[in-house]
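Student: The structure's right below; bear with me while I get my questions together.
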Amino acid sequence: MQIKCIYLLSFIVLAGCSPSENISSIAMPPPLDEEGPFQLITYDGSRIEKHVFILDGKQIIALPKAVYMDRNGRIVFKDSSPIKTFNGHDIYWNEQGIFISSVGEILSKRNLFTIGGKPMEKSDAMMFKDIELIAKSKANNQ
276 MQIKCIYLLS FIVLAGCSPS ENISSIAMPP PLDEEGPFQL ITYDGSRIEK
326 HVFILDGKQI IALPKAVYMD RNGRIVFKDS SPIKTFNGHD IYWNEQGIFI
376 SSVGEILSKR NLFTIGGKPM EKSDAMMFKD IELIAKSKAN NQ
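In terms of my numbering, the numbers along the sequence shown are unbroken and rise by one, the last being 417.
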């Protein structure tokens, strides 16, 4: 009986201590009042990429393509075609900097994108290339 009480008590305590995850469905705001898409880069200016696999005869070629975000927070290629999960769901970048699928799943940057051919790390910070260009323009004008 004592073991059951201890188990029940520890379950209640642990359940009460677990943080709630409130994941925002609001998109990361785009940098400008333009339509986009807006290219994503790291803070050091490295291009964030998604590998597209194409069949060339008998070879499979991995072609890295730059990653963009459209006006609605959806992750796309430059031609605005959506980048999707393996399950076929659209990918969004929310205002908290978290990647989520169109069905609300939290997605890992490491499983989605690469930088210089290597998987993107959780600690890799991102920004819009347009922000970098605006900052450089302002610095040159001073």
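All residues carry an ideal CB built from backbone N, CA and C; glycine is no exception.
Answer yes if the stretch 387-407 comes into contact with the stretch 308-324, meaning at least three C-beta pairs across the two stretches below 8 Å, and no otherwise.
Tutor: Segments in contact, yes.
Student: Since lysine 340 is in the beta strand (DSSP E), which residue starts that stretch and which ends it?
Tutor: The residue you call residue 340 lines up with position 65 of the sequence shown. Unbroken beta strand (DSSP E) run through lysine 340: 334-341.
Student: CB serine 377 to CB histidine 364, shorter than 7 Å?
Tutor: In the sequence shown, the residue the question calls residue 377 occupies position 102. In the sequence shown, the residue the question calls residue 364 occupies position 89. In this structure, histidine 364 lies closer than 7 Å to serine 377 by Cβ.
Student: Name, in chain order, the residues that DSSP records as bridge partners for alanine 302.
Tutor: As a position in the sequence shown, residue 302 is number 27, starting the count at 1. Partner(s): Asn369.
Student: When the Cα atoms are used, what is the spatial distance from lysine 397 to lysine 384?
Tutor: For the purposes of this step, residue 397 is identified with residue 122 of the sequence shown, where counting begins at 1. For the purposes of this step, residue 384 is identified with residue 109 of the sequence shown, where counting begins at 1. Taking the straight line joining both Cα atoms gives about 6 Å.
Student: Measuring CA to CA, which of Asn347, Ser412 and Phe328 is closest to proline 339?
Tutor: As a working note, residue 339 is residue 64 in the sequence shown. It is Phe328.
Student: Out of Asn362, Asp308 and Ile350, which has the shortest C-alpha to C-alpha gap to isoleucine 373?
Tutor: If you number the sequence shown from 1, residue 373 lands on position 98. Out of Asn362, Asp308 and Ile350, Ile350 has the C-alpha closest to the C-alpha of isoleucine 373.
Student: Just how far apart, CA to CA, sit isoleucine 301 and asparagine 415?
Tutor: Here residue 301 is taken as the residue at index 26 of the sequence shown, counted from 1. Here residue 415 is taken as the residue at index 140 of the sequence shown, counted from 1. Their Cα atoms are separated by approximately 34 Å.
Student: Can you give me the Cβ contacts of methionine 395 inside the same chain, cut-off strictly under 8 Å, excluding the 5 residues immediately before and after it?
Tutor: For this step, residue 395 is matched to residue 120 along the sequence shown. Answer for methionine 395: Ile323, Lys384, Arg385, Leu387, Phe388 and Thr389, listed in chain order.
Student: Would histidine 326 and alanine 337 be called neighbours here (beta carbons separated by less than 7 Å)?
Tutor: The sequence position of residue 326 within the sequence shown is 51, counting from 1. The sequence position of residue 337 within the sequence shown is 62, counting from 1. The answer is yes: Cβ separation under 7 Å.
Student: Leaving out five residues before and five after glutamate 380 in sequence, what residues of the same chain have Cβ atoms less than 8 Å from its Cβ?
Tutor: Looking up residue 380 in the sequence shown gives position 105. Closer than 8 Å at the Cβ level, and outside the excluded window around glutamate 380, lie Thr360 and His364.
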